[in-house]
Amino acid sequence: MPPSLDYGFKQLKNTNPYDPNKAKTLLAKSGWTDTNGDGLVDKNGQNLSLVLYTYTSRPKLTLYAEAMQADYKKIGIDVQIKIVDYTMLDELAKTGDYDLLVSSVVTANTGDPVWFLKQYWGSNIDGDNPNNGSGFNNSRFDELTTLAGSTLDATIARNAIINAQQILLDENATIFLGYPKINMIGKSYLKGIHTSPSEYYVITKDLKKNK
Numbered sequence: 522m523p524p525s526l527d528y529g530f531k532q533l534k535n536t537n538p539y540d541p542n543k544a545k546t547l548l549a550k551s552g553w554t555d556t557n558g559d560g561l562v563d564k565n566g567q568n569l570s571l572v573l574y575t576y577t578s579r580p581k582l583t584l585y586a587e588a589m590q591a592d593y594k595k596i597g598i599d600v601q602i603k604i605v606d607y608t609m610l611d612e613l614a615k616t617g618d619y620d621l622l623v624s625s626v627v628t629a630n631t632g633d634p635v636w637f638l639k640q641y642w643g644s645n646i647d648g649d650n651p652n653n654g655s656g657f658n659n660s661r662f663d664e665l666t667t668l669a670g671s672t673l674d675a676t677i678a679r680n681a682i683i684n685a686q687q688i689l690l691d692e693n694a695t696i697f698l699g700y701p702k703i704n705m706i707g708k709s710y711l712k713g714i715h716t717s718p719s720e721y722y723v724i725t726k727d728l729k730k731n732k
């Protein structure tokens with residue numbers, strides 16, 4: 522969850538920090554080394570090349586994709602960026618038919634992150650959660666998100682959400698690249714407009730129109 526929400530951003534531990542040298546070691550252990558000196562790791566005569574998908578309606582995502590491409594190159598992996606329509610990216614995300622993809626999502630569109638966590642990383646048992654195209658499956662994560670969504674105790678729910686996030690970090694289920702700012706423009710006669718990085722709704726009881 523972004524630091525603007527009270528779900529333990531500062532409590533979470535990055536147990537797998539950015540470490541290009543460790544990445545190179547892991548690749549080598551898997552048989553991927555640069556045997557011909559072209560800067561790319563290869564195995565059985567084939568370079569390690571991945572396709573990273575992003576989509577047209579979020580132009581800033583291309584900057585993230587290009588940054589990832591540059592970082593992968595440092596460890597000898599060739600990354601090709603493909604910019605597609607969101608409908609296509611959404612279908613790829615659900616089927617799991619991709620190497621890498623970068624997307625922008627609202628992490629707590631009603632202030633509650635449980636739906637977000639369960640949709641993308643809740644175990645997909647017999648096709649009951651088709652939005653989890655990554656294949657991530659963790660029974661403890663499922664237990665925590667279910668608890669967070671069912672308890673009436675706010676402290677218990679918060680702790681469960683924090684622990685569920687830590688599991689995602691520990692297991693490298695995803696990489697959170699950043700939290701882009703959003704801007705809203707309104708007429709001067711509108712008062713009480715409030716936005717946050719995780720909230721869809723701006724029409725609330727506090728929104729007023731001065732005469």
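Going by our numbering, the letters in the sequence shown line up with residues 522 to 732, in that order. Positions of the beta carbon are idealized from the N, C-alpha and C atoms, including for glycine. From a predicted model like this one, the values you see are computed outputs, not experimental measurements.
Any idea what DSSP makes of residue i, helix, strand or coil?
i, result
"residue 729", "strand"
"residue 686", "helix"
"residue 649", "coil"
"residue 599", "strand"
"residue 644", "coil"
"residue 663", "helix"
"residue 532", "coil"
"residue 638", "helix"
"residue 550", "helix"
"residue 569", "coil"
"residue 695", "coil"
"residue 610", "helix"
"residue 677", "helix"
"residue 620", "coil"
"residue 545", "helix"
"residue 708", "coil"
"residue 575", "strand"
"residue 633", "coil"
"residue 592", "helix"
"residue 564", "strand"
For the candidate residues the options, whose alpha-carbon lies nearest to that of residue i?
i, options, result
"residue 610", "661, 622 and 526", "622"
"residue 560", "586, 539 and 592", "592"
"residue 607", "637, 578, 696 and 568", "578"
"residue 697", "570, 589 and 549", "589"
"residue 668", "681, 660, 716 and 528", "681"
"residue 695", "531, 620, 526 and 730", "620"
"residue 661", "530, 701, 723 and 639", "639"
Using the rule of at least 16 other Cβ atoms within 10 Å of the residue's Cβ for burial, across every protein chain shown, is residue i buried or exposed?
i, result
"residue 686", "buried"
"residue 643", "buried"
"residue 597", "buried"
"residue 634", "buried"
"residue 534", "exposed"
"residue 678", "buried"
"residue 594", "exposed"
"residue 539", "exposed"
"residue 549", "exposed"
"residue 675", "exposed"
Quick one: measure Cβ to Cβ for residue i and residue j, integer angstroms, because I've assumed they're closer than 8 Å.
i, j, result
"residue 665", "residue 684", "5 Å"
"residue 586", "residue 573", "5 Å"
"residue 537", "residue 693", "6 Å"
"residue 576", "residue 600", "The pair is not a contact, with the Cβ atoms about 16 Å apart (cut-off 8 Å)."
Beta-carbon of residue i versus every beta-carbon of chain C: anything under 8 Å?
i, result
"residue 642", "No chain C appears in this structure, which consists of one protein chain only."
### Message
Three Cβ pairs or more, each shorter than 8 Å: is that satisfied between the segment 648-663 and the segment 535-549?
### Response
no
### Query
Is it true that the segment 577-585 meets the segment 554-568, where meeting means three or more beta-carbon pairs spaced less than 8 Å apart?
no
#### Entry: Contact the segment 645-652 vs the segment 620-631: 3+ CB pairs below 8 Å
no
### Task
Inspect the CB distances between the segment 702-712 and the segment 671-688 and report whether three or more fall short of 8 Å.
no
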